[in-house]
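Enquirer: Before we start, here is the structure in question, set down as structure tokens.
Protein chains in written order, with the working numbering: chain A, 1 to 768; chain B, 1001 to 1768.
Spelled out as structure tokens, the structure:
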């Protein structure tokens, strides 16, 4: 596909001119969603060119039978996949006798816009059909944030050079397949197709998981803006429902079809209520009308942007990039439902199963925590809390005992989905991220009560895991953790990964610290949790024996912690000396060669320095950054942001900016030639962190104090962001010369800027 | 299935009484073959019970599209599978109107025998059909060693309690599928079905590989032993050819059908010659007649046993076990065709792809070398020599340069078939076995000329691989080999596996030693090889820099070489302390738990001690045996034999015998509950080694001297074996009190017994 075809614009993603080569990429980039449902920017009308159709409903998945080369004990049988859901957007259109298909038309003035400020998608163009009819089309679509089971389409056709007949056949199609189905199975069963006048509904059920989903549509028509009733013909097929309406049009006239769609599912309704609920949704939507829905959408997004926006002066592409990231994160997860999470592709594609990864805890929580109400981040924590039993089962399958938990690498419902032994069984550092997420949340929100009520049980189960997973090395006279894969997945089955060992020891220490505090302050909760988990002081002492005597590989000569045992046996040659033709190494090299090389996929030791920066001196940070960053190939979308933040932290702004650029327009500029498969959602939170934590230097450690260390890339005039800090809205403006803090709350805010305490009175602006 | 149902017998495998539960196991155990083709012991007549049908032709394979969970660069696209070939043994039989099917009959006096001395399979029984007819059946079958494209069946039915009609429908069925097809594909295309009178032929072709195979049959009948002509009806279906013959029988009469079958393939003929060649084969077989074919079979096996037999006095089960192993090895590989090799299941099943593993070099060559003409072992070496180009391509795919070769882990045609990165890319010690095979062959046969003519090119390419695969560790100031899997596959992606490093250094040293000798003695060959490989002294010196400074992990306290870096970080708990319920660990534990445990699947450091025993002191051998054997779970069929031999070598006969017992009746007693899938052919060579090299203590190191150190298990009275030593037949008899050597050749033989030289004159017996 063509790179860089997106027109720079501060608030919109714009495609100018039609190129069939860009269709699949644009379907990803122009995706729309509301956290509960979403869809790729597929065309409403027929399109015979290359396209990747996708509509998704949050929390609705299918356990696809896993595909494996060589089975290993402990592998899960199923890979839970985000399900491609019934299509409600489709409208077959005929102009006189000719099917309208952009792939067969001459097209001019094609413009596609994703308006991020207002939350809608539009297309406009003129098309000449093979039979000569010229039409002008304007289509606008939204997935409502306010009415989160509803979407709406306004689709206008103007007859430019003819009078005749235009036939619209809006339809529901439940015969949808997943592109990534392992065995080409169809995942749905169609239960009922209900017809009506201008409205209809299909009730379908996912096989195996038995989720019931009703998909409804409602249509209305206008000629030159005036509502009209049109006779309807109905066609019911095995898996679809199609209505056909023919309208006579005179040259110069415009016909508009409004189509309202809705998904409702058994996640939120009883099965028998679904058809009625969906029908009511589309009826209400039609009664409100497209204009009202659009206005409510504009209002809802204005509310979101109030606390989420980042403004960059002097760099339109950077501005567009960061807003695209923030927009997609909000489209993917709104935070109102603890059963949902942030899939790596959100609602923009199927890849990676659409499930939950440790990305949520390590990368996404900071974004949602700082731009939304605390309840949003809490819902993300509760998601894991609610899956604790499954994590304990998962650990038991691998031989762990006594309520130890291992959270899955990839999951939809708490069960492990992944099946590569070196990841599934060995990339166990993810378990530490679960506890870090709690720690981070409590520091930022000061909602310590989450720990006695929920978090402590998770922390105990994870501490138990680490205690059992470590073993005493008689040779080292310390505890070791053997056979792991760190965040750098270019090393497998290694011993004593610094990051994993460090996180393991920290998890135990933090758990024990919290246990003491809960014992003191929340006696009843303490008793409840101790009874539920059968935890004893003797067991806690065994944990501490492990955490207090954990081995960390260290090189005395360089004074750096080593990524793992034996790291210095490798040939250490910086990435800069690798020929371009050999990169990315994950495409050019065989796996064994990658494994025995010194090259690092994403931050590993440095991930530890990032998470626990407050425990290392600046000297140490610099030394480790200088040793590891030159060996890092950044072949994960999660890599550059961490390095950007660390570089800013050690005052290396050019390096910080270089890494920031890599992350911020990853999808818009399609660096990895894969945006047609969907967007990289979770790394978008890393982009946000690169600005707020990186350039802005925002930190909240366990003293609960809000810190900033503002810096600005040479390329920018200024930037500003907003955070929701414990209910107070704080706007931060940073330019080359000054730094302003606007406290939009009703109470005074204290914070540290460059280690100096300042106080910002209620509703006041302070310049530093 | 029932274990231990095989009746002990010195020369035969016998099943007494019919049990449907044993059918699939017996189909494996009673398999017959002649090195060129073979088949499971499927019934000739219909059988509606559980059965696993299998007929195989050496060298005919199909590249089945590989199945993989997560693709890694460098994986092969295809897994070459041994092909289930058209069935020529089948005969549908009707007694009056009733189909004869053992699964629906009352059966008595059922006896199945595999006569290993004479090389035939038989069944006899009485059966009562559901409709009341009683018959007596006697069936005998052989795959001819002398006429190696031919098989023959004699099938007799006696009408015990009725007069009526018996209908025989002998058929050829080319609609055969592989049970282990990855995507349930059919691997054959049927090209032509040729009918005739009492004979017929199907020409078929393998898809993708395009091997052409003609399968022919010819039938004749006799009543009460007198030849009769019977009218024939013909049915040609899409993939099969069936003739039907009805014979009237009076009570007490016996009808015999003789069916002759043949495979001929494009390995040995032009495609257009195949039908005629197959037809000629079955016509000639019929002219010879079953009795003559049987006599030639008895003669051929007598010839094989002359040099291959091992006689054990005082233990019938041990006697049966060792003969079964020797018999199956001969059925699998006769050594006359350098395009064939020894599949892990031989002609007894489909599993593991029927391809070539390092088992051939490490386990099988000693057996074939000592029991057959030197040309047989040489053919096994030439198999690899002929695949050198593919091994160089394989290494190039993984980034190696300059003609370095990596032989595949699993192959049919020289291309790698396996697709697990930790095996395919990392279990590289196999490359060393290729050179060891040459070394072993040259020592035993003194055919040094093989090296200048063929072996040297292989050795150079492999030395190049080791040179490139090692890297200099600045930390250790020695060369290291990172990221490997040793013979103990319960460790993956480890660093500095002692066995691999040792073998790598030795490969280089031996290659350089041979280069010098070739330069001196075979100047022309030397020039040719140097020119062909572009080898320079400078490159050789770089190799020696690596081999001379190779790092071997060693524990100073225990004075043992360590299996790999970090081995002593593990919890070292002997297998004897593992609860029985946790074993075999490969069924009870998840893969990560196995990996981080100290448990060893098969000899690893000890594999090195076994191959290079002459380079270690007895003290060293004992120390390593005492450290590693207690940690070994022997969960590979290749494990016990090596430990048995080493135990004998350090005078631990009870341990040696314990390990011997594990290997010798592995299939007959179905230790692993999997014999229904086929027999473990390559480990059978290990059983032979356990006696000859283990108890008998036979060794030939690079001084070319033949050594024995005879010992005998307490459980045996005596044992004797024969070896073909450089064309001389030497019979060795060992009892508790004495040891006899019979030199059946025309020249004197010198050898060492317990380090004392003795001389055995031509055709003389010497007692020691």
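We put the beta carbon where it would ideally sit given N, CA and C, even for glycine.
Using a Cβ cut-off of 8 Å (strictly closer), state whether residue 587 of chain A contacts chain B.
Expert: Chain B contact via Cβ: present.
Enquirer: Check whether the stretch 124-140 of chain A and the stretch 210-230 of chain A are in contact - that is, three or more C-beta pairs closer than 8 Å.
Expert: The stretch 124-140 of chain A vs the stretch 210-230 of chain A: no contact.
Enquirer: Flag residue 973 of chain B as yes if its beta-carbon sits less than 8 Å from any beta-carbon of chain A, otherwise no.
Expert: It is not possible to answer for residue 973 of chain B, since the shown part of chain B is limited to 1001 through 1768.
Enquirer: Taking the C-alpha atoms as reference points, what is the distance between residue 1399 of chain B and residue 1151 of chain B?
Expert: Their Cα atoms are separated by approximately 47 Å.
Enquirer: Is it right to say residue 2 of chain A is buried, meaning 16 or more other beta carbons lie within 10 angstroms of its own, or is it exposed?
Expert: Any reading at residue 2 of chain A needs caution, since the residue's pLDDT is 45, under 50, leaving its predicted position unreliable; the model's value is listed next. Looking at its Cβ environment, which holds fewer than 16 other Cβ atoms inside 10 Å, residue 2 of chain A is exposed.
Enquirer: By Cβ distance, which residues of its chain are closer than 7 Å to residue 1191 of chain B, with the 5 residues on each side in sequence left out?
Expert: Result list for residue 1191 of chain B: 1203, 1204, 1205, in chain order.
Enquirer: Check whether the Cβ of residue 130 of chain A sits closer than 7 Å to any heavy atom of the ligand ATP, and report yes or no.
Expert: By its list of ligands, the structure shown contains no ligand whatsoever, and the ligand ATP lies outside what it can speak to.
Enquirer: Could you pull out every unbroken beta strand (DSSP E) segment of at least 3 residues lying fully inside the stretch 1374-1398 of chain B, listed in chain order?
Expert: The stretch 1374-1398 of chain B contains no whole beta strand (DSSP E) run of 3 or more residues.
Enquirer: What does residue 425 of chain A touch in chain B if you count any residue whose Cβ is under 9 Å from its own?
Expert: In chain order: 1590, 1591, 1592, 1593, 1595.
Enquirer: At the level of alpha carbons, what is the spacing between residue 1085 of chain B and residue 1116 of chain B?
Expert: Going from the Cα of residue 1085 of chain B to the Cα of residue 1116 of chain B covers about 24 Å.
Enquirer: Using 8 Å as the limit for Cβ to Cβ distance, is residue 1475 of chain B near chain A?
Expert: Residue 1475 of chain B counts as touching chain A.
Enquirer: Run down chain A in chain order and give the residues with a C-beta less than 7 Å from the C-beta of residue 1769 of chain B.
Expert: Here chain B has residues from 1001 to 1768 only, and residue 1769 of chain B is not among them.
Enquirer: Do residue 1585 of chain B and residue 1594 of chain B count as a contact pair if the criterion is CB distance below 8 Å?
Expert: Yes, the pair counts as a contact, with Cβ atoms nearer than the cut-off.
Enquirer: Taking CB distances under 8 Å as the criterion, tell me whether residue 191 of chain A reaches chain C.
Expert: Here the protein chains are A and B, and chain C is not one of them.
Enquirer: In terms of alpha-carbon separation, which member of B:1754, B:1565, B:1332 lies closest to residue 1498 of chain B?
Expert: Residue 1498 of chain B has its Cα closest to that of B:1565, out of B:1754, B:1565, B:1332.
Enquirer: Give every residue of the same chain whose Cβ lies closer than 7 Å to the Cβ of residue 1646 of chain B, excluding the five residues on either side of it in the sequence, and list them in chain order.
Expert: For residue 1646 of chain B, where only same-chain residues beyond five positions count, the Cβ hits under 7 Å are 1606, 1609, 1610, 1621, 1625.
Enquirer: Report the residue ranges of all beta strand (DSSP E) runs contained in full by the stretch 677-739 of chain A; include only those spanning at least 3 residues, in chain order.
Expert: Fully enclosed beta strand (DSSP E) runs of 3 or longer: 706-708, 718-725, 728-735.
Enquirer: Could you give the distance in angstroms between the alpha-carbon of residue 1427 of chain B and the alpha-carbon of residue 1540 of chain B?
Expert: Cα to Cα, residue 1427 of chain B sits roughly 25 Å from residue 1540 of chain B.
Enquirer: Using a Cβ-Cβ distance under 8 Å, would residue 480 of chain A count as near chain B?
Expert: It does: the Cβ of residue 480 of chain A has a partner Cβ on chain B nearer than 8 Å.
Enquirer: Chain A partners of residue 1430 of chain B, CB-CB under 7 Å?
Expert: Under the 7 Å cutoff, chain A gives no residues; its nearest Cβ is about 14 Å from residue 1430 of chain B.
Enquirer: Would you mind working out which of A:656, A:756, A:454 sits nearest residue 532 of chain A, comparing C-alpha positions?
Expert: With distances taken between Cα atoms, residue 532 of chain A lies closest to A:454.
Enquirer: Identify each residue in the stretch 379-407 of chain A for which the Cβ-Cβ distance to at least one residue of chain B is less than 8 Å, and report them in chain order.
Expert: Per Cβ criterion, the list reads 397, 398, 399.
Enquirer: Let me know the secondary structure DSSP gives residue 531 of chain A once reduced to three states.
Expert: In the structure shown, residue 531 of chain A sits in a helix (DSSP, three-state: H, G or I).
Enquirer: For residue 1767 of chain B, which residues from the same chain have a beta carbon less than 6 Å from its beta carbon, with the 5 sequence-adjacent residues on both sides left out?
Expert: Within the same chain, residue 1767 of chain B has close Cβ partners 1738, 1740.
Enquirer: Identify, in the order they occur along the chain, each residue of the same chain with its Cβ nearer than 8 Å to the Cβ of residue 1103 of chain B, setting aside the five sequence neighbours on each side.
Expert: Cβ within range, chain order: 1020, 1047, 1048, 1049.
Enquirer: Suppose you measure from the CA of residue 1051 of chain B to the CA of residue 1089 of chain B; what does that come to, to the nearest Å?
Expert: About 15 Å.
Enquirer: Check whether the Cβ atoms of residue 1163 of chain B and residue 1091 of chain B sit closer than 8 Å, and answer yes or no.
Expert: Not in contact: residue 1163 of chain B and residue 1091 of chain B (Cβ atoms no closer than 8 Å).
Enquirer: DSSP on residue 227 of chain A, reduced to helix/strand/coil?
Expert: Three-state DSSP puts residue 227 of chain A in a strand.
Enquirer: Is the separation between the beta-carbon of residue 1481 of chain B and that of residue 1500 of chain B shorter than 8 Å?
Expert: Yes, these two residues count as a Cβ contact at 8 Å.
Enquirer: According to the Cβ coordinates, are residue 1339 of chain B and residue 1267 of chain B closer than 8 Å?
Expert: Yes; because the gap between Cβ atoms is below 8 Å, this pair is in contact.
Enquirer: From the DSSP output, which residues share a beta bridge with residue 742 of chain A?
Expert: Answer is A:731, A:765, bridged to residue 742 of chain A.
Enquirer: Output, in sequence order along the chain, the residues in the stretch 536-569 of chain A whose CB is closer than 7 Å to any CB in chain B.
Expert: The residues in question are 565, 566, 568, 569.
Enquirer: Is the stretch 703-719 of chain A close to the stretch 67-87 of chain A, with three or more CB pairs under 8 Å?
Expert: Because the criterion of three Cβ pairs below 8 Å is not met, the stretch 703-719 of chain A and the stretch 67-87 of chain A do not touch.
Enquirer: Which word fits residue 615 of chain A, buried or exposed, when buried means at least 16 other C-beta atoms lie within 10 angstroms of its C-beta?
Expert: Under this definition residue 615 of chain A is an exposed residue.
Enquirer: Whole angstroms are fine: how far does the CA of residue 1392 of chain B sit from the CA of residue 1546 of chain B?
Expert: One C-alpha to the other measures close to 21 Å.
Enquirer: Taking a contact to mean a Cβ-Cβ separation below 8 Å, would you say residue 282 of chain A touches residue 217 of chain A in this structure?
Expert: Yes. Within cutoff.
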